[in-house]
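In the numbering used here, the protein residues as written are 765 to 1211.
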């Protein structure tokens, strides 16, 4: 055997096949389940089910034909998510529960682009991975009731795939911050931080421009390095303290919901298997848990291919913007699903016009008659949503008796505090435009 082959096999063993305690998967399952339980109940309690998925008359769906359930259907969806989250936490009917939660959560997120958030996308990815992991192999009701045998040792790949996803989020978020506006203009943090100058204790520092630059550079360095610092024993504790401080600060400054707490809790997957075991054992003793016939599991060929495909996709998606011309922040072609987290302040206003083809007389659309405030706000700066709304208007006016509606839009957008600029060609009939993977040439250039 050559040195090269030996090194290759050592790397495979280190990253994939090496056996470790199942404890990290078990603690991750419990923490993830609890987070999803709290998040789903919070969503329900805030009235967002009705506001976001029942009240609107139109939805900017990611996939044509995917629509909210009618009547009490969406409440049943969220009730099912709550049950699935509880079952994941206690490890009961785990595989079915994990798959159910992934399908239901992802279904909800596909309903309307105006509700898209990076941490919702992140939860969908993690819940997908959970479907493939034997996280119910210990300290679960599935083991307690004999639905499966207890597992003591697992291949480290089951832990590393979760670490990869955490690391990808951080690292690509850091790469995305390596742009002139963020690093050399301090935008949009100049605007955001100055608006927080009223905060107690340290709010006064946000009135200085230098603070925005310090925060911008620190954020970039933090995101790009934290996965590696968390991966090394000697720096892990300090790195995790930074994680806590960073996410508590962002939670204090910005209305970003559960995201900081999700990151603080889930980042614990980087701690050593032995650390998780030390946390898990007292919990087992507390409830009088014991298991017999413990076995060691392996990673199957199908799981390996799923993980490889997953990794390739997660590396490729953040770079797909390179296939499109123009300023990414302006065109937003390749912006979603790429871990560009809080990188720009963008606002706009869209005025739509509908006319019968061949006639000069046109109707001005009152957007608020069709859209919720959040939908109108998000649509005005995102080209694919402008197209979707135009097609909806076309169908609506056809129902009202118009034979061949032409829908155009005059859209003005401001990016990172710059003056408003016309966003798209106001002469383009948006009913003739289709949302596909091609470049949207009707978006005006950002100069």
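Beta carbons: idealized from backbone N, C-alpha and C, even for Gly.
Check, Outcome
"For the stretch 1149-1158 against the stretch 1114-1129, do three or more pairs of beta-carbon atoms, one drawn from each stretch, fall closer than 8 Å, so that the two count as touching?", "yes"
"When the Cα of residue 793 is compared with those of 837, 901, 1009, 807, which residue comes out closest?", "901"
"Please state the DSSP three-state secondary structure of residue 1140.", "helix"
"Return yes when the C-beta of residue 1207 is under 7 Å from any heavy atom of the ligand SAM, and no when it is not.", "With respect to the ligand SAM, the structure offers nothing, as it holds no ligand at all."
"Any chance you could list the beta strand (DSSP E) runs of at least 3 consecutive residues sitting entirely within the stretch 1065-1115, in chain order?", "none"
"Consult DSSP for residue 965 and reduce its assignment to one of helix, strand or coil.", "coil"
"Note down the Cα distance separating residue 864 from residue 1075, rounded to an integer number of angstroms.", "23 Å"
"Determine the DSSP secondary structure at residue 899, reduced to helix, strand or coil.", "coil"
"Can you confirm whether the stretch 884-897 touches the stretch 778-796 when touching is taken to mean that 3 or more C-beta pairs between the two stretches lie within less than 8 Å?", "yes"
"Assign residue 771 to one of two classes, buried (16 or more other C-beta atoms within 10 Å of its C-beta) or exposed (fewer than that).", "exposed"
"Is DSSP giving residue 1240 helix, strand or coil here?", "Because the chain in this structure spans residues 765 to 1211, residue 1240 falls outside the shown range and cannot be described."
"Please report the Cβ distance between residue 1030 and residue 930, rounded to the nearest whole angstrom; I am assuming they are in contact, meaning their Cβ atoms lie under 8 Å.", "7 Å"
"Assign residue 1018 to one of two classes, buried (16 or more other C-beta atoms within 10 Å of its C-beta) or exposed (fewer than that).", "exposed"
"When the Cα of residue 919 is compared with those of 1100, 1065, 1194, which residue comes out closest?", "1065"
"For the alpha helix (DSSP H) containing residue 793, list its first residue and its last residue.", "787-809"
"Just grab the DSSP bridge partners of residue 1198 for me.", "None, per the DSSP bridge assignment."
"Hey, how far is the Cα of residue 1127 from the Cα of residue 1144?", "19 Å"
"For residue 876, count the other beta carbons within 10 Å of its own beta carbon; 16 or more makes it buried, fewer makes it exposed. Which is it?", "buried"
"Tell me whether the beta-carbon of residue 1180 lies closer than 8 Å to the beta-carbon of residue 1106.", "no"
"Can you round the beta-carbon distance between residue 1103 and residue 940 to whole angstroms, since I take them to be within the 8 Å contact cut?", "6 Å"
"Fully enclosed by the stretch 1014-1055, which alpha helix (DSSP H) runs are 4 residues long or longer?", "1023-1030, 1037-1050"
"Hey, could you find the ends of the alpha helix (DSSP H) residue 834 is sitting in?", "No alpha helix (DSSP H) contains residue 834, which DSSP labels as neither H nor E."
"Taking the beta strand (DSSP E) that residue 916 falls in, what are its first and last residues?", "915-919"
"Please say whether residue 1041 and residue 785 have beta carbons closer to each other than 8 Å?", "yes"
"Hey, out of 959, 909, 799, whose CA is closest to residue 1212's CA?", "This structure leaves residue 1212 out entirely; the chain is present only between 765 and 1211."
"If distances are taken between C-alpha atoms only, which option among 1112, 1139, 1166 comes closest to residue 1123?", "1166"
"When the distance is taken between beta carbons, is residue 1178 closer than 8 Å to residue 1090?", "no"
"By DSSP, does residue 766 sit in helix, in strand, or in coil?", "Low confidence applies here, because residue 766 scores a pLDDT of 49, under 50, leaving its location unreliable and the question unanswered by this model."
"Please classify residue 860 as buried or exposed, where buried requires at least 16 other C-beta atoms within 10 Å of its C-beta.", "exposed"
"What three-state label does DSSP hand residue 1125 in the structure shown?", "coil"
"What are the partner residues of residue 1176, as DSSP defines its beta bridges?", "1113, 1186"
"Specify the secondary structure class of residue 1211 as computed by DSSP and reduced to three states.", "coil"
"Quick check: residue 823 and residue 831, are their CB atoms within less than 8 Å of each other?", "yes"
"Would you mind reading off the limits of the alpha helix (DSSP H) that contains residue 981?", "973-995"
"Quick one: grab the DSSP three-state call for residue 1060.", "strand"
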